[in-house]
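Residue numbers (the working numbering), protein chains in the order written: chain A, 12 to 130; chain B, 61 to 169.
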């Protein structure tokens with residue numbers, strides 16, 4: 012697609028429910044990133060995919076969080092048994108390449124985000 | 061541990077002045093550093109990239125410097141305008157991309 016698409020744009024859920032957030036990156040972009048941004052805060056790194064593989068899962072806050080990417084394209088971030096502290100905007104970004112040796116290919120294009128509110 | 065620090069949470073300046081934002085990092089050896097702009101309710105937008113072997117990069121009213129000895133980047137907006145008001149984020153490229161907390165710039169008419 013022309014840009015990075017995220018859905019849903021807004022999600023309100025009850026504590027304890029599971030949620031799935033979807034990211035559709037720019038076509039051909041091999042690298043995909045998930046970040047979390049709480050109100051008035053910076054971007055907290057969650058996970059990074061190069062193709063379908065996630066070399067770095069260290070940012071996932073707990074084992075309630077998981078992410079997958081299939082076909083080198085769409086990614087889903089799943090939060091199980093949501094808690095109120097999970098409320099935030101979840102941002103997805105994609106880039107043409109990945110890794111330190113990629114000669115500057117890591118310019119990220121972000122989606123508009125998915126705003127999650129856990130009641 | 062690795063850290064990316066942007067010197068101030070908020071910066072207020074008068075229209076026409078030069079805004080200078082700072083990004084310091086520790087325990088990184090980035091191949092390059094990037095600056096992004098974020099407006100409320102939107103995702104960050106890429107502005108400039110500077111490589112480790114470059115001292116300075118310019119784009120219109122924007123200038124970025126990169127000092128790998130000091131582990132610091134400075135981001136300047138000259139002849140600032142109210143439309144430049146936004147949050148500015150620096151990002152370091154390692155095997156992934158990590159961001160600083162951002163500096164919220166307000167340019168007053």
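Cβ coordinates follow ideal geometry from the N, Cα and C atoms, glycine included.
The beta carbons of residue 94(B) and residue 139(B) sit no closer together than 7 Å. When secondary structure is reduced to three states using DSSP, residue 120(B) falls in the coil class, being assigned neither helix nor strand. Taking residue 35(A) as reference, the option from 93(A), 95(A), 98(A), 80(A) with the minimal CA-CA separation is 80(A). A direct Cα-to-Cα measurement between residue 99(A) and residue 66(A) gives close to 24 Å.
Within the stretch 88-102 of chain B, contact with chain A at the beta-carbon level (separation under 9 Å) is assigned to 89, 90, 91, 92, 94, 96, 98, 101, 102. Closer than 8 Å at the C-beta level to chain B, one finds these residues of the stretch 40-56 of chain A: 44, 46, 52, 53, 54, 56.
At least one C-beta of chain B is nearer than 7 Å to the C-beta of residue 102(A). Contact with chain B is absent for residue 21(A), since none of that chain's Cβ atoms lies less than 7 Å from the residue's Cβ. With respect to the 7 Å criterion, residue 165(B) and residue 71(B) are classified as neighbours on the basis of their beta carbons. Taken in chain order, the whole beta strand (DSSP E) runs of length 3 or more contained in the stretch 40-88 of chain A are 42-48, 55-61, 64-67, 76-80.
One thing to note: residue 153(B) has its Cβ no nearer than 7 Å to the Cβ of residue 104(B).
Closest option to residue 65(B), judged by alpha-carbon separation, among 169(B), 168(B), 162(B), 145(B): 162(B). Contacts with chain A at 7 Å (Cβ-Cβ) do not include residue 126(B).
In the DSSP assignment, residue 164(B) falls within the unbroken beta strand (DSSP E) covering 163-168. A residue is called buried once 16 or more other Cβ atoms fall within 10 Å of its Cβ, and residue 79(B) is buried on that count. Between residue 88(B) and residue 62(B), the CB-CB gap stays under 7 Å.
Membership of residue 153(B) in the beta strand (DSSP E) is indicated by the continuous run 146-153. In chain order, 46, 53, 54, 55, 56 make up the part of chain A whose C-beta sits under 9 Å from the C-beta of residue 159(B). The C-alpha of residue 46(A) lies about 5 Å from the C-alpha of residue 56(A).
In terms of Cα proximity to residue 147(B), the closest of 84(B), 101(B), 75(B) is 101(B). Contact between residue 117(A) and residue 13(A) fails: their C-beta atoms lie close to 20 Å from each other, not under 8 Å.
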